[in-house]
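Heads up, the thing below is written out as structure tokens.
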Amino acid sequence: LTAHYLDLSLIYFGGCLHEPMDMRFARVEQVFTALWQHLPYAERVSDFEYMLASALLENTPDNGRITSTEALVTKLRMLQPKTRFAFIAYEFENWPIRWVALLMRIRPRMLHRLLSEARCELCGISWESLAEEERACLEAISVSLGKSPNLRASKELCRRVATFPRVSEIKALWLELRPELVEVRHRYLPDLSQRERLLGNILCSAQSTPMNHPPMMDRVVNTVHFARHAKIKVS
2 LTAHYLDLSL IYFGGCLHEP MDMRFARVEQ VFTALWQHLP YAERVSDFEY
52 MLASALLENT PDNGRITSTE ALVTKLRMLQ PKTRFAFIAY EFENWPIRWV
102 ALLMRIRPRM LHRLLSEARC ELCGISWESL AEEERACLEA ISVSLGKSPN
152 LRASKELCRR VATFPRVSEI KALWLELRPE LVEVRHRYLP DLSQRERLLG
202 NILCSAQSTP MNHPPMMDRV VNTVHFARHA KIKVS
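For the sequence shown, this note's numbering gives the first residue as 2, with consecutive numbering after it.
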């Protein structure tokens, strides 16, 4: 389970600020050890994912340098934490839009607005500088990027985009951004030996950490709506 979510955590913390790799690894180890400790609160995989997202957001480091030799990394670090998490989960880790929306507790439409805003900011375009009609058109493009091709819908969207020359330019920038994002993603991924060592450290920490079992009422509530779980704080 940890191996499946390790990359997301490493990339998220790497996308917050500049810090030594060992410090980032130690923070991720603490997060997953705490998740193990509170695992009995989760009734579903989505509950675990919500705890993970909450832990990452609540432990976002903010005491350090955000500038980087790569302009795209600096721009990524300047995004709001929730926007940054959603963007990394969707664009870097290819999580389905409904998964990310569920974790963020927002509707998919609002998530596409966040993603559209993030893409614009990463391309050096202020979302605030766009007219409402341009924003709506970009959000429609965002929706189309995550769906299977549909000829009729694509033609309609093309006609709509054609009325906004600036939107056409921004869409082109969005597409050019994708290969650069791949490079940024790999910047924060460990090599095989580092990955195995980190997973081994997490396993050792989990084995020496007792689980916290929730009261019966919390378990009953969480079977209906995952709302009762301890907040995870790491140093």
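All residues carry an ideal CB built from backbone N, CA and C; glycine is no exception.
Reduced DSSP secondary structure (H/G/I, E/B, other) of histidine 230: coil
Can you pull the DSSP bridge partners for leucine 19? Here the sequence assigns histidine to residue 19, which means leucine is not the residue at that position. Bridge partners of histidine 19: Arg66.
So the candidates are Asp8, Leu131, Ala173 and Gln38; which of them puts its Cα closest to the Cα of alanine 231? Gln38
Taking buried to mean at least 16 other C-beta atoms within 10 Å of its own C-beta, is threonine 34 buried or exposed? buried
Exposed or buried, what is serine 127 when buried is set at 16 or more other beta-carbons lying within 10 Å of its beta-carbon? exposed
From what residue to what residue does the alpha helix (DSSP H) around serine 194 run? 193–208
Three-state class that DSSP yields for tyrosine 189 in the structure shown: coil
Which same chain residues end up closer than 8 Å to serine 10 when comparing Cβ atoms and leaving out the 5 residues on each side of it in sequence? Val29, Val32, Phe33, Leu53 and Leu57
Do tryptophan 96 and arginine 90 count as a contact pair if the criterion is CB distance below 7 Å? As written in the sequence, residue 90 is alanine, which differs from the arginine given in the question. Their beta carbons are under 7 Å apart, which means alanine 90 touches tryptophan 96 by this criterion.
Give the secondary structure of tryptophan 175 by DSSP, where H, G and I count as helix, E and B as strand, and everything else as coil. helix
Give every residue of the same chain whose Cβ lies closer than 8 Å to the Cβ of serine 155, excluding the five residues on either side of it in the sequence, and list them in chain order. Ser145
Residue range of the alpha helix (DSSP H) that tryptophan 100 falls in? 98–105
Which class does glutamine 31 belong to by DSSP, given the choice of helix, strand or coil? helix
Under 7 Å Cβ to Cβ from arginine 78, same chain only, skipping five residues before and after it: list those, please. Gly16, Cys17, Leu18 and Ile67
Start-to-end residues for the alpha helix (DSSP H) that takes in alanine 119: 109–123
Counting beta carbon pairs with one atom in the region 213–229 and one in the region 42–51, are three or more of them shorter than 8 Å? yes
Determine whether the beta carbon atoms of leucine 190 and glutamate 92 lie at a separation below 7 Å. no
What residue from Glu184, Ala119 and Ile107 has the CA that sits closest to isoleucine 171's CA? Ala119
Taking alanine 87 and methionine 105 to be in contact with their CB atoms under 8 Å, please state how far apart those CB atoms are, rounded to whole angstroms. 6 Å
Would you tell me roughly how many angstroms separate the C-alpha atoms of arginine 114 and glutamate 140, rounded to the nearest one? 6 Å
Just curious, the alpha helix (DSSP H) that valine 225 is in, first and last residue? 217–225
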